[in-house]
Amino acid sequence: MPEMSSVAMSYTLAARLTLKQLRLIAMVAEHRQLSLAAQALSLTQPAASRALAEIERFCGGAIFERHARGMTLTPLGELMVRRARNVVEEIAEASAEIARYNAGLGGVVRIGAVTGGAIGTVVPVVQRLRREAPDAEIHLEVAMSRALVHELLALRLDFVLARLPADARAADFEAVPASEERIDIIAGAAHPLAARPSVGLVELLAHDWVMQAPGAPIRLAVEQALLARGARPPTRVTNTSSLLATIAMLATSEAVAPVSHEVAGLVARVGSGLVALAVRERPVVAPYALIALRGRRLSPLAHRCREMVAETLTGRGA
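In the numbering used here, the protein residues as written are 44 to 361.
This is the structure we're talking about:
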């Protein structure tokens with residue numbers, strides 16, 4: 044009978060060795076006594092002895108030398124123990140990772156949100172989730188509603204805090220509504236209206252404005268509030284969806300900008316040099332919602348995060 048090649052033997056060994064046998068090799072190397080290794084693995088000593096003999100037969104030689112005081116590794120054994128320990132440790136780590144994943148404590152979640160929803164709702168949830176699931180990979184995309192819903196439909200986001208575009212099929216989504224979003228008008232602390240105890244919305248038309256593009260919900264709410272008072276919408280407008288660019292322009296000019304109440308609170312807290320003007324007629328924008336695709340199965344982490352956001356929106360997570 045022709046002698047088996049080393050390559051063929053390696054494939055045979057890989058196919059025959061079990062995880063239980065690899066654990067036995069690692070335990071014998073650790074304890075140096077077969078009886079202690081068997082006890083650690085809840086095996087009888089005869090069963091452990093038979094298993095070790097089978098392993099050595101598969102390997103084509105002894106992996107332990109037996110002595111009166113215990114067992115020591117042969118050169119073949121040193122090679123096998125190193126590999127066995129690696130496999131056992133990898134399986135243990137995989138088991139722990141799978142357990143964390145199934146418990147919603149690991150994996151990836153991708154969230155989208157409009158700016159106010161991101162600051163007021165998602166950021167606190169993410170901070171809480173990070174404490175509970177430190178190994179989780181969390182992505183937060185902040186954009187306008189239409190872009191977020193497009194990313195949701197493309198399966199690049201798990202759920203979003205946004206407003207459904209008028210041309211979206213409402214039946215394709217599940218939604219948990221939020222409360223109405225209040226609007227503040229912010230400006231630089233040195234703005235001539237900053238110290239006024241009360242400012243009329245129409246008075247602000249004498250100043251430059253920084254706003255999102257036409258059709259954005261906050262901009263629409265401001266324009267409708269002005270129209271309701273017989274005034275034209277602002278005409279001296281710089282259009283940007285960037286909060287950073289908005290802050291920069293307000294800090295270096297006498298422009299004003301409508302933002303969500305959450306954004307106004309944030310820029311005041313971080314020492315940006317911006318303040319909310321005491322506008323008497325504060326516009327209100329239609330509420331956004333927690334939106335997910337109907338029937339889509341989320342990962343345990345994404346499902347857990349969505350539930351936390353829903354609880355926050357409905358007051359159950361307070």
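In this text, a Cβ means the ideal position worked out from N, Cα and C, and glycines have one as well.
Everything numeric in this text was worked out from a predicted model, so none of it was measured.
query	result
Assigned secondary structure, Thr-355 (DSSP; H/G/I helix, E/B strand, else coil)	helix
Same chain, Cβ closer than 8 Å to Val-327, five either side skipped, listed in chain order	Glu-223, Glu-224, Arg-225, Ile-226 and Ala-264
DSSP-derived helix/strand/coil call for Val-157	coil
Span separating the alpha-carbon of Leu-122 from that of Leu-77	19 Å
When Ala-80, Arg-339, Ile-290 and Ala-259 are compared against Leu-317, the one with the closest alpha-carbon	Ile-290
Residue(s) in a DSSP beta bridge with Glu-26	Outside the shown range of the chain (44 to 361) lies residue 26, about which nothing can therefore be said.
At least three beta-carbon pairs within less than 8 Å, the region 191-209 to the region 230-243	no
Integer-rounded CB distance, given that Gly-147 should sit under 8 Å from Arg-272	Actually they do not touch by this definition, with Cβ atoms about 49 Å apart.
Endpoints, alpha helix (DSSP H) assigned at His-74	62-74
Residue nearest to Ala-111 in terms of C-alpha spacing, selected from Ala-213, Arg-349 and Arg-75	Arg-75
Pairwise C-alpha distance: Pro-177 and Ser-260	The sequence given here places Pro at residue 260; Ser does not occur at that position. So the alpha carbons of these two residues sit roughly 35 Å apart.
C-beta contact flag for Ala-205 and Gly-159 at 8 Å	no
Arg-59 versus Cys-102 - alpha carbon distance	10 Å
Assumed close pair Leu-119, Gly-104 - CB separation to whole angstroms, cut-off 8 Å	5 Å
C-beta contact flag for Val-83 and Gln-64 at 8 Å	Checking the sequence shown, residue 83 turns out to be Ala, not Val. Contact flag unset, no.
Cβ neighbours of Phe-202 in the same chain (closer than 6 Å, five flanking residues each side left out)	Ala-335 and Arg-349
For His-110, three-class secondary structure by DSSP	strand
Nearest candidate by alpha-carbon position, reference Ser-85, set His-182, Glu-140, Arg-66 and Leu-309	Arg-66
Residue range of the alpha helix (DSSP H) that includes Ser-188	188-196
Arg-323 to Leu-244 span [Cα, whole Å]	7 Å
Continuous beta strand (DSSP E) stretch holding Ile-181: start and end	180-185
Pro-240 versus Ala-186 - alpha carbon distance	33 Å
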